[in-house]
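**Q** Numbering (the UniProt record's numbering), first residue to last: 1 to 253.
Quick one: this structure, given as structure tokens, is what I'll be asking you about.
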């Protein structure tokens, strides 16, 4: 039973005839008379020593603004504990899909024997992620039942900025052109496709007293067309300079 009986006596305990309720001893003398006490001790329970982090989990790499189609890439870390904390991602208070999680092996510091746990998050933002224009991402660190801490990031939905420009013409009517500027997409890693910046032009109907005016469009010149124009201008200047030199030579003659 794992119990030990300790007796202080001059005699010898006959263990075969002794049990939890009675004790038989042999080799006693008259001097062995007196009061005897019995102390019973059981095996002590097993205790585990834990060291909790001094700070809550930290979220890295998450921007304050995203838009639908962007990719969220970030890490959550919980440092200096033993054992390493268990980390969990939540997106809008719902535990993240396992396919969006990147689990890393805990890092152990040899000097302190403490561990740092890291977990990654990687998913494509869609329109339904934004609730009232907000997307909440939370990371929770847990060590059994003695430690529970969380960190949260609130992300705003990034919307295109509209710039209005007035386009005047020789006629009495004027048209307004709205251009939407979008911020650059995230650059994707590894086998993901690169996405380019784009500009969308909106054209609105402008009514006048005589009727509706035609739609006005304005295109943004490309770099190649600008280079072609500059080259043509330079060529024209060289031709004019050549004629001036020729005219000066004839005048001197």
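Each residue gets a CB set at the ideal place from its N, CA and C atoms; glycine is no exception.
I believe residue 126 touches residue 90 by the beta-carbon criterion, under 8 Å. Please report the beta-carbon distance rounded to the nearest angstrom.
**A** Not confirmed; about 17 Å, so no contact.
**Q** Who are the Cβ neighbours of residue 120 in its own chain at under 6 Å, not counting the five residues just before and after it?
**A** For residue 120, where only same-chain residues beyond five positions count, the Cβ hits under 6 Å are 75, 102.
**Q** Among residues of its own chain, excluding the 5 on either side of residue 104, which ones have a beta-carbon nearer than 6 Å to its beta-carbon?
**A** 118
**Q** Would you mind giving the Cβ-Cβ distance between residue 73 and residue 157, rounded to the nearest angstrom? I have them listed as a contact below 8 Å.
**A** With a Cβ gap of about 18 Å, residue 73 and residue 157 do not count as contacting.
**Q** In terms of alpha-carbon separation, which member of 234, 149, 36 lies closest to residue 22?
**A** Nearest of 234, 149, 36 to residue 22, Cα basis: 36.
**Q** If you drop the 5 nearest sequence neighbours on each side, which residues of the same chain put their C-beta closer than 6 Å to that of residue 135?
**A** 129, 155
**Q** Could you give the residue range of the beta strand (DSSP E) that holds residue 58?
**A** 58-60
**Q** So, with DSSP's three-state summary, where would you put residue 151?
**A** strand
**Q** Out of 84, 232, 80, state which residue places its alpha-carbon closest to the alpha-carbon of residue 111.
**A** 80
**Q** Using C-beta distances below 6 Å, list every residue in its chain close to residue 51, excluding the 5 sequence neighbours before and after it, in chain order.
**A** 81, 82
**Q** Identify the continuous beta strand (DSSP E) that holds residue 73 and give its terminal residues.
**A** 71-81
**Q** What does DSSP give as the partner residue(s) for residue 122 in the beta ladder?
**A** 73
**Q** Do you know how far the Cα of residue 46 is from the Cα of residue 32?
**A** Their Cα atoms are separated by approximately 39 Å.
**Q** For residue 114, tell me which candidate among 49, 92, 144 has the shortest Cα-Cα distance.
**A** 49
**Q** Count the other CB atoms within 10 Å of the CB of residue 254; is the residue buried (16 or more) or exposed (fewer)?
**A** Since the first and last residues shown for the chain are 1 and 253, residue 254 lies out of range.
**Q** Between residue 98 and residue 107, what straight-line distance do the alpha-carbon atoms span, to the nearest angstrom?
**A** 22 Å
**Q** Rounding to the nearest angstrom, what Cα-Cα distance links residue 144 and residue 87 in this structure?
**A** Roughly 12 Å between the two C-alpha positions.
**Q** Between the C-alpha atoms of residue 34 and residue 18, what's the straight-line distance to the nearest angstrom?
**A** The straight-line gap from Cα to Cα measures roughly 19 Å.
**Q** Reducing DSSP to helix, strand and coil, say where residue 103 ends up.
**A** strand
**Q** According to DSSP, is residue 235 helix, strand or coil?
**A** helix
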